[in-house]
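Below is one structure, written out as structure tokens, with a few remarks after it.
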Amino acid sequence: MVVTEDVELPEFEDLKTKEVKVSAATLITAGPYIGKQCEVINNEFMLCRQEHGDPRPCLALGKQVTACTMEVLRRMKKYCLEEFKQHANCVDKSSGDYSFRHCRKTQSVFDFCMEDRLCVRRPEFGYFTRGRVHSSNSKAPPPPPCPCHPKVEDATPELPECKKPYKKPRFGGRIYWSLE
Amino acid sequence: MADAFSLARKQDLPPPGGYKPIPFKRIPAKTYFSGYAMFAGYIGVTAAAMYLYSINYKQIKRDQIEMRSAKMAIYPMLLAERDRAYLKQLRKNRDAETELMCNVPGWEVGTYYGEPVYKLLPEDALVDPIFHEYYAHSSSWDWHQRAYLKLRS
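Protein chains in written order, with the working numbering: chain A, -1 to 178; chain B, 15 to 167.
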């Protein structure tokens, strides 16, 4: 494998956290609410991932993301369990790809409950597909050192400079569009 | 024999009243629509179909956007979970390689007898291993499950 001993990998203990162990249907059904309520931390995490291009510096943020999702689901379970279960069941069993379009009735019941008891509104149509501006306090990672000198010597050094004067060819080039 | 020849001979003649006239005149097929009407009909049917199609198209687009929105909402959580599992597996792989190659003199983990694969990268750079390396120390069943995931989904 390409991972050497010099690469710092986090210990197993550092990777331990309470994972979200729910089904895909449950997650997708709760998706808009999770995305809306965890928007800040999600954006922060994705920014970190994007800027570093490496999972290691973003582990703490990732744990916060998971914790936030857990919290949203926990609150949902506390206040709107029946409505949510009904809707998730419908989403799960109505189609093969968890689409919402078969479940408008259960969705409206669920949305009403969420708004009534948790004062949370379903984000508007296509909210997460839009570009959204996120203002972050975190610092950007240091850019790669530049100018980027080659770190190994050139294996084929250039030819020594030729002293002979170079004349223009008398009859031009063989290829008519070439410059010489 | 002579009697047979003596019978009155009957000449082959046209039927009484003569033959029917030969139908040589061209009889064109009955035209239900004129050319203009057919063009108009084609345009009308196409327009109606396009209208119905556009309704369906918009509906499908709306559903797709809705689903994409829901999936993008949970993507950070899934990515965080995936990162943890990935790093865990990388450490397991490295430990497994260390244990496996401990008897080979001169072997350094992640290199070929001390020669690194990537020479220009900083030492701490995490390079994603290729698929088969990632699954090198797992059971072949797990490898198969992941490699042929598409066959099952």
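Backbone N, C-alpha and C fix where the C-beta goes; we use that ideal spot for every residue, glycine too.
Give the DSSP-derived three-state secondary structure of residue i in the structure shown.
{"i": "B/Glu95", "result": "helix"}
{"i": "A/Cys80", "result": "A quick correction: the sequence has Glu, not Cys, at residue 80 of chain A. Of the three classes helix, strand and coil, the one that applies to A/Glu80 here is helix, per DSSP."}
{"i": "B/Tyr100", "result": "helix"}
{"i": "B/Tyr3", "result": "There is simply no residue 3 of chain B to check, as chain B begins at 15 and stops at 167 in what is shown."}
{"i": "B/Tyr33", "result": "coil"}
{"i": "B/Tyr126", "result": "strand"}
{"i": "A/Asn135", "result": "coil"}
{"i": "B/Ser68", "result": "helix"}
{"i": "B/Trp157", "result": "helix"}
Around the C-beta of residue i, are 16 or more other C-beta atoms found within 10 angstroms, so that it is buried, or is it exposed?
{"i": "B/Asp97", "result": "buried"}
{"i": "A/Pro53", "result": "buried"}
{"i": "A/Leu59", "result": "buried"}
{"i": "A/Tyr96", "result": "buried"}
{"i": "A/Phe98", "result": "buried"}
{"i": "A/Pro219", "result": "Absent from the structure is residue 219 of chain A, since the part of chain A shown begins at -1 and ends at 178."}
{"i": "B/Met64", "result": "exposed"}
{"i": "A/Ala86", "result": "buried"}
{"i": "B/Leu140", "result": "buried"}
{"i": "A/Arg172", "result": "exposed"}
{"i": "B/Leu66", "result": "exposed"}
Do residue i and residue j have their C-beta atoms within less than 8 angstroms of each other?
{"i": "B/Gly124", "j": "A/Thr2", "result": "yes"}
{"i": "B/Leu101", "j": "A/Leu7", "result": "yes"}
{"i": "A/Thr127", "j": "B/Ile79", "result": "yes"}
{"i": "A/Gln84", "j": "A/Val70", "result": "no"}
{"i": "A/Thr64", "j": "B/Ala94", "result": "yes"}
{"i": "A/Tyr77", "j": "A/Arg119", "result": "no"}
{"i": "A/Pro30", "j": "A/Pro121", "result": "yes"}
{"i": "B/Arg108", "j": "A/Met(-1)", "result": "yes"}
{"i": "A/Leu45", "j": "A/His132", "result": "yes"}
{"i": "A/Pro139", "j": "A/Glu81", "result": "no"}
{"i": "A/Gly33", "j": "B/Ala87", "result": "yes"}
{"i": "B/Tyr149", "j": "B/Arg160", "result": "yes"}
{"i": "A/Cys36", "j": "A/Cys66", "result": "yes"}
Self-check item: Any alpha helix (DSSP H) of 4 or more consecutive residues that is wholly inside the segment 53 to 130 of chain A
Solution: Those alpha helix (DSSP H) runs which fall completely within the segment 53 to 130 of chain A and span 4+ residues are 57 to 92 and 102 to 115.
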